[in-house]
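Heads up, the thing below is written out as structure tokens.
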Amino acid sequence: MDRALITELQKLIGKDAVVSDTTRLLSYESDALAMCSAPAELVLLPRDTQETAGCMKVLARYGIPIVPRGAGTGLTGGALPIAGGAVIATSRMRKVFEVNPVDGFARVGAGLINVALTHACKSHNLFYAPDPSSQKACTIGGNVANNSGGPHGFKYGSTTQHILGLVVVTPDGDIIDMSAARVDPVGLDLVGLFVGSEGTFGLATEVTVKLEPCPEVVETLLAVYTGEDGLNQACDAVSEIIALGLEPSAIEILDSLTIEAVEDSLYSAGYPRDASAVLLLEVEGTATEVRGTCDDIEALVKRFGAVEFRRAQDEAERAKLWEGRKGAFGAMGRIAPDLYVADAVVPRTKLREMVRATVAIAEKYNLKLATVFHAGDGNLHPNICYDRRNKEETARVVKAGAEILKACVAAGGSLTGEHGIGIEKLDEIGLLFTDDDLEAMGRVRRAWDPTLRMNPGKAIPLRACGELGDSPRGDEESS
Amino acid sequence: MSDSQEHLERRLQGIVGADNASACQPWLPGTSLPAEITQARPAGEEQARELLRLAAADGLRVLPCGAGSKLGLEVPREKASFAISTERLSGIIALEPADGTLTAWAGTPMVDLVHAVASAGRRLTPNITSTRATLGGAIATAETGADRLRYGPLRDQLLGMRALLSAEISSKSGGRLVKNVAGYDLHRAHCGGRGRLGLILEATLRLHPSLAIEQHFTQAVDNVRQGLALAESVLASTGRPLGVRILASKEGTSLHIHLGGREDVVEQEKAQLAISCGALEPSKPIQLGQPMLSVQSLRSSALKAAEWVADARAKLSLDATLVLDPGIAVASLAHESAPISRLQIAQLPPCPSQLQVVLPSDPMREAAPGVAQLEAAVQRALDPLGIFA
């Protein structure tokens, strides 16, 4: 990196906020897509929007690419500096600017940890609904970039449904303040367009989020399935829950290998070790509502072959059941050193057959598969346990991952339900979108970032972009 | 009709047939624009592409619309040479109750979709009862239904879309899935985009479980302020009403509550309401005309919004019902007959900074500097040929 550039940035945000020594840079060369890494050349840690804008103005002058980074918990390589340039991490922008209990929103720094937001509004009996499994580490800004989901997305939807406003710094360092909380966007919904753009439009520094009232009663339920057919039975029970219009807030399935890993780990949740699948559900609402729904679910899961049904007796047991689910990815470290967390979606009527298909694909490539999924949304996480030092095995993992995605898309599904495309799925995106679709998206990307310096090589391939020249009339309008 | 307009109409008829291109009067009364514009109603995607090809070749701008029921509530698009109505691009493409999705052509009437979904044992929101509103029109105007309090805005229901950006390019985003983050959410920009980014062809909406029972209640109140205080207590309770509305007209002021769900849950909510609001009268669903004027605020400013709307009504001597949705903080005037006119808009009282006028809408309004630039850039990106008015 240019010495003069570093000096200029140091003057702007202080020496400690400009990371350029090899040792400290090491921690930024990968994210949670463990099989890939890219050395960072420069990392900036601005404290606020102004500092970020200042840095981005300087970087624009030098024509340097910018890679936004939250906590680095992304699973598709979205925070990897694969094209070099500067990583701007939001980790110091974790202020809670405002919690407004009357109007039901909060305004926070993009680097705030997801779970800290819920803690910040707890005293008002409010919470922030999107709850990715990594919520103890991931940031709100990262959630915005990836339109993150989580188990409770079944009831509350993904991040995009909870974002009311943003402050975005453009690649040129201009500050676009769209942070005002509003019922509906006035004009084009630029905020809605930005959410899920994986850091390719600009860098969000402040986020205005919608807060939800805490439910009066929450019950956590566990249905246990055993035997060879257990996983199928659990899937069928989920289909029936949905068909009947029962409304739990979360519907999760964990398979036997996942249960084994969780129970061997410090996340041990008390899932029976002999289970071939467990169905973890949460029901929220008024006491009457919850009681009725839980009774219906209990009868239903038993009808679909559950050998055991538990209702968490207290908050501690509830927390423990969830600890197991949310710690599942970490727990899989006991099976193998690395974990490839796949993220695919199928129409929820295809759950059973797709779960079977993923098992067959894993067997074909002789890989260990541990599946956890947001069953209610048809969002599968077939996780492959492997050792990245074994190049041959890693190659098989990549092949199996791609095959799983292809099978899901062929069944009418999607490449990603909550992790994004990143670098991982760029090659497969053509399965979902035509060149025309991608060209339109590419043009929108250029509208935000004309010089394509924001997070290059992520989210959508740009090869099909920019063929169509603006007409003279279009140019007239722009002048 | 001028010679050139007649000529254009004949050319449009050459594409869509003589019966399907005719003059319409979409704008607010009292505008200085020519009262008429030719509206072409293509029978399928191919004809729609033909129309866009004609527009591009002749440098004409197109106004996309559904049945045109809401065009009277926006500032006229002066550059529009003709309108393309999706009315004949109609029908359900895929109704998948178990997957929780509905995909339909943009010109399908919302009311038909609401019924089809109900027959399949699911519920569609917004529950729009206007017989004219189309799916595409509801999306382009981000229409709010009476059940938004529970289900959220239309943009939260919109899962995917395909739109024509030009004769050659159709653009898809999202998909027919309840959860999906692949690609940019271009459909979010089309939602509320008033057809400035393209012609919406088809869209996918999320379905909800149907409700075992639905009940409506009403209670007379002295004034909006009192109604609001009661509404706030309802909203603060743990129930999940579908709607809480205050109506104020010549006939008086009343609070309306719409409940739905499992029978035991609704019974319990009713019991709770009786404690906070006193005895409630069962009533029929509210039937309202179209909103002619609408402002949004935050919940804390809901009273201010209602007061401004009441002020506008008095100043313009309008015979209209004031509707306040305190839970979503929107206040409107609903009319039974004529919409508000351009001249009347000019006489509206100044709008306090906590409020934003959303109807009549002004797609060409002045935005904050950076935002305006970005909006223009996004519009150019999706409409590089400058076809859409």
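These protein sequences, in sequence, are chains Z and E.
Under numbering that gives the first Met the number 0, the residues of the first sequence are numbered 0 to 478, in order.
Under numbering that gives the first Met the number 0, the residues of the second sequence are numbered 0 to 388, in order.
Just so you know, even glycine gets a beta-carbon here, dropped at the ideal spot from N, CA and C.
Fill in: Three-state secondary structure assigned by DSSP to Z:Thr51
Here Z:Thr51 sits in helix by DSSP.
Item to complete: Determine, using beta-carbon pairs with one atom in the stretch 57-68 of chain Z and one in the stretch 398-418 of chain Z, whether at least three such pairs fall under 8 angstroms.
Response: With the cut-off at 8 angstroms, the stretch 57-68 of chain Z and the stretch 398-418 of chain Z do not touch.
Worksheet item: Does the ligand GTP have a heavy atom nearer than 7 angstroms to the CB of E:Gly71?
Response: Because no ligand of any kind appears in the structure shown, any question about the ligand GTP cannot be addressed here.
Discussion item. For the stretch 194-206 of chain E against the stretch 193-203 of chain Z, do three or more pairs of beta-carbon atoms, one drawn from each stretch, fall closer than 8 angstroms, so that the two count as touching?
Written reply: Contact between the stretch 194-206 of chain E and the stretch 193-203 of chain Z is absent: fewer than three C-beta pairs spanning the two stretches fall below 8 angstroms.
Fill in: Under 8 angstroms between C-beta atoms of Z:Gly110 and Z:Gly421
No Cβ-Cβ contact shorter than 8 angstroms links Z:Gly110 with Z:Gly421.
Discussion item. To be precise: take each residue of the stretch 173-191 of chain Z, compare its Cβ to all Cβ atoms of chain E, and keep it if any distance is under 8 angstroms. Which residues remain?
Written reply: Flagged, chain order: Asp173, Ile174, Ile175, Asp176, Met177, Ala180, Arg181, Val182, Asp183, Pro184, Val185, Gly186, Leu187, Asp188, Leu189 and Gly191.
Discussion item. So with CB distances below 8 angstroms, who are the chain E contacts of Z:Leu431?
Written reply: Result: Gly174, Ala181 and Gly182.
Worksheet item: So what does DSSP say about Z:Ser267, is it helix, strand or coil?
Response: Z:Ser267 carries a coil assignment under DSSP once its states are collapsed to helix, strand and coil.
Fill in: Where Z:Thr384 falls, given that 16 or more other Cβ within 10 Å makes a residue buried
Before going on, a small fix: residue 384 of chain Z reads as Cys here, not Thr. The residue is buried, with at least 16 neighbouring Cβ atoms inside 10 Å.
Practice prompt. Rounded to whole angstroms, what's the CA-CA distance from E:Leu164 to Z:Gly326? Just pull it up for me.
Written response: So the alpha carbons of these two residues sit roughly 45 angstroms apart.
Item to complete: Give the DSSP-derived three-state secondary structure of Z:Glu125 in the structure shown.
Response: It should be noted that the sequence gives Leu, not Glu, for residue 125 of chain Z. Strand at Z:Leu125.
Worksheet item: Based on the DSSP secondary-structure assignment, which residues constitute the bridge partners of E:Pro63?
Response: Its beta-bridge partners are E:Ile83.
Item to complete: Could you list which residues in chain E have their beta carbon closer than 7 angstroms to that of Z:Met55, in chain order?
Response: Within 7 angstroms Cβ-Cβ: nothing; Z:Met55 doesn't reach chain E, min ~14 angstroms.
Discussion item. Using the Cβ count rule (16 or more neighbours within 10 Å means buried), how would you classify E:Ala273?
Written reply: Residue environment for E:Ala273: exposed (fewer than 16 other C-beta atoms within 10 angstroms of its C-beta).
Worksheet entry | Reduced DSSP secondary structure (H/G/I, E/B, other) of E:Ser170 | It is a strand residue.
Worksheet item: If you measure from the beta carbon of E:Val177 to each beta carbon in chain Z, is any gap under 8 angstroms?
Response: Yes, E:Val177 counts as interfacial toward chain Z.
Discussion item. Can you tell me whether Z:Ser255 is helix, strand or coil according to DSSP?
Written reply: Residue state, collapsed to three classes: helix.
Worksheet item: Along the stretch 429-460 of chain Z, what residues have a CB closer than 9 angstroms to any CB found in chain E?
Response: Listed by position, the residues of the stretch 429-460 of chain Z near chain E (Cβ gap below 9 angstroms) are Leu431, Phe432, Thr433, Asp435, Asp436, Leu437, Glu438, Ala439, Met440, Gly441, Arg442, Val443, Arg444, Arg445, Ala446, Trp447, Pro449, Ala458 and Ile459.
Worksheet item: If you draw a straight line from the C-alpha of Z:Asp102 to the C-alpha of E:Leu123, how long is it?
Response: Their Cα atoms are separated by approximately 27 angstroms.
Worksheet entry | Per-residue DSSP class, three states only, for Z:Asp474 | Because the pLDDT at Z:Asp474 is just 37, under 50, the model does not fix this residue reliably, and the value given afterwards should be weighed accordingly. Per DSSP, reduced to three states, the secondary structure at Z:Asp474 is helical.
Worksheet entry | Euclidean distance between Cα positions of Z:Leu32 and E:Leu241 | Distance between the alpha carbons of Z:Leu32 and E:Leu241 is about 42 angstroms.
Worksheet item: Between which two residues does the alpha helix (DSSP H) carrying Z:Glu392 extend?
Response: Unbroken alpha helix (DSSP H) run through Z:Glu392: Lys390 to Ala409.
Worksheet item: Given a limit of 7 angstroms on CB to CB distance, which residues of the stretch 197-218 of chain E reach chain Z?
Response: Per Cβ criterion, the list reads Pro208 and Ser209.
Fill in: Beta-carbon spacing of Z:Glu215, Z:Thr285 below 8 angstroms
Yes.
Fill in: chain Z contact residues for E:Glu306, given Cβ-Cβ distances below 8 angstroms
Near E:Glu306 there are no residues of chain Z at all, since even the closest Cβ is about 17 angstroms away, more than 8 angstroms.
Worksheet item: Does the beta carbon of Z:Arg347 sit closer than 8 angstroms to a beta carbon anywhere in chain E?
Response: With 8 angstroms as the cut-off, Z:Arg347 counts as an interface residue toward chain E.
Discussion item. Are the CB atoms of Z:Asp235 and Z:Phe303 within a distance shorter than 8 angstroms?
Written reply: Yes, they are a contact pair.
Fill in: Listed by chain order, chain E residues near Z:Met145 by CB distance under 9 angstroms
According to the sequence shown, residue 145 of chain Z is Asn rather than Met. Result: Val180.
Fill in: Interface residues of chain Z facing E:Glu44 [CB-CB closer than 8 angstroms]
Neighbours of E:Glu44 on chain Z: none; closest Cβ ~14 angstroms, over 8 angstroms.
Worksheet item: In the stretch 228-276 of chain E, which residue ranges form an unbroken beta strand (DSSP E) of at least 3 residues, counting only runs that do not cross its ends?
Response: Within the stretch 228-276 of chain E, the complete beta strand (DSSP E) runs of at least 3 residues are 242-248 and 251-260.
Worksheet entry | 4 or more residues per run - each alpha helix (DSSP H) lying fully within the stretch 31-84 of chain Z | Given a length threshold of 4 residues, each whole run of the alpha helix (DSSP H) inside the stretch 31-84 of chain Z is given here in chain order: 48-61.
Worksheet item: So what does E:Leu163 bridge to, in DSSP terms?
Response: Paired residues: E:Ser169 and E:Leu198.
Worksheet item: Does DSSP put Z:Phe153 in a helix, in a strand, or in coil?
Response: Note: Z:Phe153 maps to helix in three-state DSSP.
Worksheet item: With C-beta atoms as the reference, is E:Lys178 less than 8 angstroms away from Z:Gly148?
Response: Contact: yes.
Practice prompt. Return the bridge partner residues of Z:His418 from the DSSP annotation.
Written response: For Z:His418, which the question treats as bridged, DSSP gives no partner whatsoever.
Worksheet item: Is any beta-carbon of chain E found at less than 8 angstroms from that of Z:Val344?
Response: So yes, Z:Val344 belongs to the interface.
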